[in-house]
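K.L.:
Handing you a structure now.
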Amino acid sequence: MVEYFHKIQGHIGQKQTALHYSQNYYTPNQNEIIHEAVHNCSTCLQAKRVRCKKIDYPNISWYRLAEEILEEYNSTIHTVTGYTPYFLLFAEERYNDYLREPIEDIESYRSDAFVKSSMDHKRNQLYYDKRRKNWQFSIGDWVYAKIADDLNRNKLDPRYEGPFEIINRCSDVIYVLNVAGNEVTSHIENMKPLNTRTGYRGYTIIDDESIESDDE
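Heads up, the sequence shown is in UniProt numbering, so the first residue is 1 and it goes up one at a time.
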């Protein structure tokens, strides 16, 4: 029962398996049974193989090592689809002698992987949309914006600078800001209203409405 539950849950770790299993079932000594089932799961062992494998030749070039890492990655089961990229492409498992022969109905496996991948994308989209705030700005509004590239900023540098005035609106998501007399185009994802917390040098402007919106 534990092995089947661990499989249908997507081969999650021991703690997550124990948590979800205890919410639905009860088995005497279930912690020991779950520990043994997860650590002896062939699918989980195969997924961990690439992390536990030692380098046979420490002096191997990075180019050759990158090729081997790519091969190991393509032979590792994907947590979302439940299949390896190698299997979905060639219809056989590279390190499984029982599946060395090509499978005729590979399209059914590919369809299953596509459905699982689409469901995972929808879950991520729901999570993103739930946290996203649909801000809209007008010409003349003052906003904070991310101007510097993330690659060119230090760890403790402020993420937002400003405030800057919006001097033009190209679309619902593209705006033109007045930055020290220069016109800088910015995406709405890189902008925040003036009355929000920014962490910019410890300076913030907060009113009652912004506090209520942040609590929501």
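Think of the CB as a built atom: it goes at the ideal place given N, C-alpha and C, for glycine as much as any other residue. Since this is a predicted model, take the numbers as computed values, not measurements.
Assuming asparagine 190 and alanine 145 are in contact, meaning their beta carbons sit under 8 Å apart, how far apart are those beta carbons, in whole angstroms?
P.N.:
Asparagine 190 to alanine 145, Cβ: 6 Å. Contact.
K.L.:
Start and end of the alpha helix (DSSP H) containing proline 63?
P.N.:
Note on identity: in this sequence residue 63 is tyrosine, with proline being the wrong assignment. Taken as a continuous stretch (DSSP letters only), the alpha helix (DSSP H) holding tyrosine 63 covers 62-74.
K.L.:
Can you tell me where the beta strand (DSSP E) holding tyrosine 144 begins and where it ends?
P.N.:
It spans 142-145 - the beta strand (DSSP E) in which tyrosine 144 sits, taken as one unbroken run.
K.L.:
Can you give me the Cβ contacts of valine 115 inside the same chain, cut-off strictly under 7 Å, excluding the 5 residues immediately before and after it?
P.N.:
Same-chain partners within the cutoff: there are none.
K.L.:
Given a cut-off of 8 Å, decide if isoleucine 188 and isoleucine 166 are closer than it, judged by their beta-carbon atoms.
P.N.:
Not a contact, by the Cβ cut-off of 8 Å.
K.L.:
Report the rounded CA-to-CA distance for proline 163 versus valine 173, giving the unit in angstroms.
P.N.:
Going by the C-alpha atoms only, they are around 18 Å apart.
K.L.:
Using the Cβ count rule (16 or more neighbours within 10 Å means buried), how would you classify serine 118?
P.N.:
Classification of serine 118: exposed, given that the 10 Å Cβ count is below 16.
K.L.:
Just the Cα atoms here: how many angstroms apart are proline 28 and valine 38?
P.N.:
Approximately 17 Å, taken between the alpha carbons.
K.L.:
Leaving out five residues before and five after glutamate 71 in sequence, what residues of the same chain have Cβ atoms less than 6 Å from its Cβ?
P.N.:
Closer than 6 Å at Cβ, skipping near neighbours: no residue.
K.L.:
On the DSSP letters alone, give me the boundaries of the beta strand (DSSP E) that tyrosine 128 sits inside.
P.N.:
Element bounds for tyrosine 128: not the beta strand (DSSP E) but the alpha helix (DSSP H), 106-131.
K.L.:
At which residues does the beta strand (DSSP E) containing phenylalanine 164 begin and terminate?
P.N.:
It spans 161-169 - the beta strand (DSSP E) in which phenylalanine 164 sits, taken as one unbroken run.
K.L.:
Starting from proline 158, trace the alpha helix (DSSP H) both ways and give me its first and last residue.
P.N.:
From DSSP, proline 158 is part of no alpha helix (DSSP H); its letter is neither H nor E.
K.L.:
Comparing C-alpha positions only, which one of Ala91, Arg110 and Asp112 sits nearest to glutamate 104?
P.N.:
Here the closest residue by C-alpha is Ala91.
K.L.:
So if DSSP puts tyrosine 86 in a beta bridge, which residue, or which two residues, is it bridged to?
P.N.:
Tyrosine 86 is not bridged to any residue.
K.L.:
Under the rule that 16 or more other beta-carbon atoms within 10 Å means buried, what is lysine 130, buried or exposed?
P.N.:
Classification of lysine 130: exposed, given that the 10 Å Cβ count is below 16.
K.L.:
Does DSSP classify asparagine 190 as helix, strand or coil?
P.N.:
Of the three classes helix, strand and coil, the one that applies to asparagine 190 here is helix, per DSSP.
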